[in-house]
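**Q**
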Amino acid sequence: RPLRFSPSAVLGSNCPRRASSTLQNLKNASVAHHKPQTQSQSHPQRDREQRRRYDHDVVPHLARQPLHPLSLADLVKHGRPPLSAEALLASARFTLSLLPIRLAHRIQALRNLPYIVVSNPNISKIYNNYQHSLSTLLPWQGRTISNLEDEIRFTEVLAELVQTHTDTIPILARGFLECRKYISPSEVTRFLDQHLRARIGTRLVAEQHIALHFSSTPHFDPAASPTPCPEHPSYIGVIDTALRPASTVDSCGGFVADICELNYGVRPQWVVDGEPDTTFAFVPMHLEYIVTELLKNAFRATVENGMSREPVVITIAPEPPAVKPPPYHHDHHHRHHDQNQHHDQDHVRLSPPHEDRGAFGRDAIAPLDDNAPGVTIRIRDRGGGISSDILPHIWSYSFTTFSESDDDVPGGSNSSSSSSSANSIFGGGANSYGDALNVISAASNGSSSIAGLGYGLPLSRAYAEYFGGGIAVQSLHGWGTDVYLRLKGVGKIE
Ligand code: ADP
Ligand code: MG
Numbered sequence: 021r022p023l024r025f026s027p028s029a030v031l032g033s034n035c036p037r038r039a040s041s042t043l044q045n046l047k048n049a050s051v052a053h054h055k056p057q058t059q060s061q062s063h064p065q066r067d068r069e070q071r072r073r074y075d076h077d078v079v080p081h082l083a084r085q086p087l088h089p090l091s092l093a094d095l096v097k098h099g100r101p102p103l104s105a106e107a108l109l110a111s112a113r114f115t116l117s118l119l120p121i122r123l124a125h126r127i128q129a130l131r132n133l134p135y136i137v138v139s140n141p142n143i144s145k146i147y148n149n150y151q152h153s154l155s156t157l158l159p160w161q162g163r164t165i166s167n168l169e170d171e172i173r174f175t176e177v178l179a180e181l182v183q184t185h186t187d188t189i190p191i192l193a194r195g196f197l198e199c200r201k202y203i204s205p206s207e208v209t210r211f212l213d214q215h216l217r218a219r220i221g222t223r224l225v226a227e228q229h230i231a232l233h234f235s236s237t238p239h240f241d242p243a244a245s246p247t248p249c250p251e252h253p254s255y256i257g258v259i260d261t262a263l264r265p266a267s268t269v270d271s272c273g274g275f276v277a278d279i280c281e282l283n284y285g286v287r288p289q290w291v292v293d294g295e296p297d298t299t300f301a302f303v304p305m306h307l308e309y310i311v312t313e314l315l316k317n318a319f320r321a322t323v324e325n326g327m328s329r330e331p332v333v334i335t336i337a338p339e340p341p342a343v344k345p346p347p348y349h350h351d352h353h354h355r356h357h358d359q360n361q362h363h364d365q366d367h368v369r370l371s372p373p374h375e376d377r378g379a380f381g382r383d384a385i386a387p388l389d390d391n392a393p394g395v396t397i398r399i400r401d402r403g404g405g406i407s408s409d410i411l412p413h414i415w416s417y418s419f420t421t422f423s424e425s426d427d428d429v430p431g432g433s434n435s436s437s438s439s440s441s442a443n444s445i446f447g448g449g450a451n452s453y454g455d456a457l458n459v460i461s462a463a464s465n466g467s468s469s470i471a472g473l474g475y476g477l478p479l480s481r482a483y484a485e486y487f488g489g490g491i492a493v494q495s496l497h498g499w500g501t502d503v504y505l506r507l508k509g510v511g512k513i514e
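To convert a position in the sequence shown, counted from 1, into our numbering, add 20.
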């Protein structure tokens, strides 16, 4: 049976060896132990009855249960080396205790969208993905994962789950774009903000167990590698306790420069200054996502502004452990503090509990240590800045000034970042939707695009806020843009 997930989906891109070994493990496991979970032999009546029970009983029941307040302590407590078989089983059981409830909450939220929206083929694909993932986990409920054979099969289910939901974002983007007549922009934003933040947490929980599974010795395939990932001794699951942001900037910079070369035939330069040797404890996959999106924006603006000879400057500044974390400001008007929604939010375990964490209070994960050293990364480009008519929209999902016609006009007169021809589902003209849909098609066909979904900034901010950080954009119109990415470290782990 061919595996349906790719190495990067299992563990992210920055440790190919871990990923491929995990795959090998899972492949061996799946050959040896796979048992089909559902019979496809038709018993139409019984199937219908099961389906009805599932729709009407199981999902609402699970969705009524409160979300477990996630804390980093939970994520790392099973993972401290040396990882015993018992700890691995405990991690699997913990993961299983969280995921069905989290998925059911998402299913319920999708069901609460207007019917015509859920009926859209793209939105219903996402809905079906969630239903499918929940149904693969349900057979595991009510039994204990008590031996390593179970654990292997459970991890395979998790890996499939992570893979199933990999392409969610362009599909949702397309779906909501197609449904723009039936749902208001503020409803879309509220839904997406909650949905995508919850998705970060759910994937983190699943990926953490997959990573721990890999780093455990019991399943380690000595033929594939004699020791678990010797190049990355600083990892605990998906957390790198000594992540060096300068390295992330360089590898993501190379990737984004490749995309620019494809799109514009120009390869922007970048330099890293400040204190490039800074390290802190963070989730590399999250940092990679954010940095890639911010560099795409900076490189695109630089090229379209005809300033490719000026490097984008990335300054890395460690944030020393603070007695009291300095207040961090960003625009509050965008955030939603919908009191009625809080039962469907990720809870936060704050320490101390009364501390005002401002805009990123909910739906974030509590750091292990509030005084953990963090890092601030400033990305400075000479891309011409952002005009005041565009600035208020940049945090809205789907807002973009990108259109395909920009592709071949580096620095050209119709560079849209300096015009007011913003395309957005929240205010663009009829033609701009067509452009956005084309860009999304390109994105979902796997070709890398430099921009166009309009999800880069809002989603990057969701990732940054997940661990109590933030993003602020400072534009000097006519000159360039500074983006401040402030990340709190996840704290001392040992
Ligand atoms: P996308 O890149 O897909 O358009 P984003 O959310 O990443 O979506 O950005 C939204 C918009 O913000 C961009 O279309 C662009 O107009 C503006 N923007 C973001 N970063 C910059 C920048 N560094 N320089 C100029 N404009 C920017
Ligand atoms: Mg972008």
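By construction, the Cβ of each residue, glycine as well, lies at the ideal position given by its N, Cα and C atoms.
In angstroms with no decimal places, state the Cα-to-Cα distance between Phe196 and Asn132.
**A** 15 Å
**Q** What separation, rounded to the nearest whole angstrom, lies between the Cα atoms of Arg200 and Ile414?
**A** 18 Å
**Q** From the DSSP secondary-structure annotation, give me the bridge partner or partners of Val332.
**A** Trp290
**Q** Would you mind sorting His76 into buried or exposed? The rule is 16 or more other CB atoms within 10 Å of its CB.
**A** Exposed.
**Q** Would Ser433 be called buried (16 or more neighbouring beta carbons within 10 Å of its own) or exposed?
**A** Residue placement at Ser433 is flagged as unreliable, the pLDDT there being 38, under the threshold of 50; the coordinate-derived value follows with that caveat. So Ser433 ends up on the exposed side.
**Q** Is it true that the CB of Val96 sits closer than 8 Å to the CB of Ile203?
**A** no
**Q** Looking at the structure shown, is Ile172 part of a helix, part of a strand, or coil, going by DSSP?
**A** helix
**Q** Give the single residue among Tyr135, Tyr475 and Thr335 whose Cα lies nearest to the Cα of Leu505.
**A** Ranking the options by Cα distance to Leu505, first place goes to Thr335.
**Q** The ligand MG and Gly405: does the residue's C-beta get closer than 7 Å to at least one heavy atom of that ligand?
**A** Taking the Cβ of Gly405 as the reference point, every heavy atom of the ligand MG lies at 7 Å or farther away.
**Q** For the segment 103-111 and the segment 140-148, state whether three or more C-beta atom pairs, one from each stretch, are separated by less than 8 Å.
**A** no
**Q** Just the C-alpha distance for Gly498 and Gly405, rounded to the nearest angstrom, thanks.
**A** 6 Å
**Q** I'd like the ranges of any alpha helix (DSSP H) spanning at least 4 consecutive residues and lying wholly in the segment 393-424.
**A** The segment 393-424 contains no whole alpha helix (DSSP H) run of 4 or more residues.
**Q** Would you mind sorting Glu295 into buried or exposed? The rule is 16 or more other CB atoms within 10 Å of its CB.
**A** Glu295 comes out exposed.
**Q** Provide the residue span of the beta strand (DSSP E) that contains Ile127, from first to last.
**A** Careful: Ile127 lies outside any beta strand (DSSP E), inside the alpha helix (DSSP H) at Ala105 to Arg131.
**Q** Check whether the Cβ of Ala218 lies closer than 7 Å to any heavy atom of the ligand ADP, and answer yes or no.
**A** no
**Q** Less than 7 Å separating the Cβ of Glu169 from some heavy atom of the ligand ADP?
**A** no
**Q** Determine the DSSP secondary structure at Gly498, reduced to helix, strand or coil.
**A** Looking at Gly498 - three-state DSSP - the assignment turns out to be coil, as it is neither helix nor strand.
**Q** Figure out for me which residue from Leu178, His215, Glu198 and Arg173 has the closest Cα to the Cα of Thr188.
**A** His215
**Q** Does the structure place the segment 309-316 close enough to the segment 266-281 that three or more beta carbon pairs sit under 8 Å?
**A** Because the criterion of three Cβ pairs below 8 Å is met, the segment 266-281 and the segment 309-316 touch.
**Q** The alpha helix (DSSP H) with Phe211 in it runs from where to where?
**A** Pro205 to Ser235
**Q** Helix or strand or just coil, what does DSSP make of Val493?
**A** strand
**Q** Since Ala337 sits in a beta bridge, which residues does DSSP pair it with?
**A** In the DSSP output, where bridge partners are listed per residue, Ala337 has Thr396.
**Q** Kindly indicate which three-state DSSP category Val503 falls into: helix, strand or coil?
**A** strand
**Q** With respect to the beta strand (DSSP E) encompassing Asp187, which residues constitute its N-terminal and C-terminal limits?
**A** Note, Asp187: premise wrong, no beta strand (DSSP E); not H, not E.
**Q** First and last residue of the beta strand (DSSP E) that includes Ile136?
**A** Run containing Ile136: none in the beta strand (DSSP E); it sits in the alpha helix (DSSP H), Tyr135 to Val138.
**Q** Hey, would you say His185 sits closer than 8 Å to Thr115, going by beta carbons?
**A** no
**Q** Is there contact between the segment 164-173 and the segment 117-125, where contact requires at least three CB pairs shorter than 8 Å?
**A** no
**Q** Opposite Phe302 in the DSSP bridges: which residues?
**A** Asp260
**Q** State the CB to CB distance for the pair Ile127 and Ala193, rounded to an integer number of angstroms; the pair is presumed to be in contact (CB under 8 Å).
**A** Not a contact, Cβ separation roughly 20 Å.
**Q** Where Gly476 and Phe234 are concerned, what is the direct C-alpha to C-alpha distance, given to the nearest angstrom?
**A** About 31 Å.
**Q** For Pro331, I'd like the list of residues in its chain whose CB is within less than 8 Å of its CB, leaving aside the five on either flank, ordered along the chain.
**A** Excluding positions up to five away in sequence, the list reads Pro288, Gln289, Trp290 and Val291.
**Q** Would DSSP call Ser468 helix, strand or coil?
**A** If DSSP states are grouped into helix, strand and coil, Ser468 belongs with coil.
**Q** So is the beta-carbon of Pro412 under 7 Å away from any non-hydrogen atom of the ligand GTP?
**A** Absence of the ligand GTP is noted for the structure shown, with the ligand ADP and the ligand MG being the only ligands found.
**Q** With 16 as the cutoff for other CB atoms within 10 Å, does Leu282 come out buried or exposed?
**A** exposed
**Q** Given this structure, state the Cα-to-Cα distance separating Arg72 from Val303, to the nearest angstrom.
**A** 40 Å
**Q** If we ignore side chains and look at the alpha-carbon of each, how far apart do Phe211 and Ile191 end up?
**A** If you take the alpha carbons of Phe211 and Ile191, they lie about 15 Å apart.
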